[in-house]
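So the structure is just underneath, and the comments pick up after that.
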Amino acid sequence: MSALTPKPTEKELEILQIVWEKEAVSVKDVHEALGGDVANGYTTILKLMQIMHEKGLVTRQKSGKLHLYTAVPSLENTRQQMLDKMISTVFQGSAAQLVLSALGSNKSSKEELQAIKKYLEKLEGGAS
Numbered sequence: 001m002s003a004l005t006p007k008p009t010e011k012e013l014e015i016l017q018i019v020w021e022k023e024a025v026s027v028k029d030v031h032e033a034l035g036g037d038v039a040n041g042y043t044t045i046l047k048l049m050q051i052m053h054e055k056g057l058v059t060r061q062k063s064g065k066l067h068l069y070t071a072v073p074s075l076e077n078t079r080q081q082m083l084d085k086m087i088s089t090v091f092q093g094s095a096a097q098l099v100l101s102a103l104g105s106n107k108s109s110k111e112e113l114q115a116i117k118k119y120l121e122k123l124e125g126g127a128s
């Protein structure tokens, strides 16, 4: 995600998650994935996706009668941009504070903690 690509809103992120998963989607696909009319009106999702297109978050291509939307920024780039922003604003530039806060929530499984340990050992081994 380049510096020119705007940061997605929370609702736009929900939509991007669906687009990243399915790669090319119609408004109907997104509407159904978000719970249909019970959760969101179809026209609301349509308007959000039109705004996302104007902002450069998705591209739109006509396929028969449908418009198919694909994500412009990658999931990885979006995660990194949002993480960088969070570290600089919420954690005063300290990645360590972010990690300690995340691990302190006690929501990590034993498998996740083991993977983190292996990653840290790899980092320590590469730094020597």
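Numbering follows full-length UniProt numbering, with no gaps: position 54 of the sequence shown is 54.
All C-beta atoms in this analysis are idealised placements derived from N, C-alpha and C, irrespective of residue type, glycine included.
Legend entry - When VAL19, GLY36 and PRO8 are compared against ALA71, the one with the closest alpha-carbon: VAL19
Legend entry - Beta-carbon gap between ASN40 and HIS31 smaller than 9 Å: yes
Inset, instruction - Determine the direct distance from the alpha carbon of GLN80 to that of LEU57, and round the result to whole angstroms. - result: 16 Å
Legend entry - Helix, strand or coil at ALA33 [DSSP, three-state]: helix
Legend entry - C-alpha gap between SER128 and PRO73, whole angstroms: Bear in mind that the predicted position of SER128 carries a pLDDT of just 47, short of 50, making it unreliable; the figure below should be weighed with that in mind. So the alpha carbons of these two residues sit roughly 35 Å apart.
Inset, instruction - Pick helix, strand or coil for SER63, following the three-state DSSP scheme. - result: strand
Inset, instruction - Give the DSSP-derived three-state secondary structure of LEU57 in the structure shown. - result: coil
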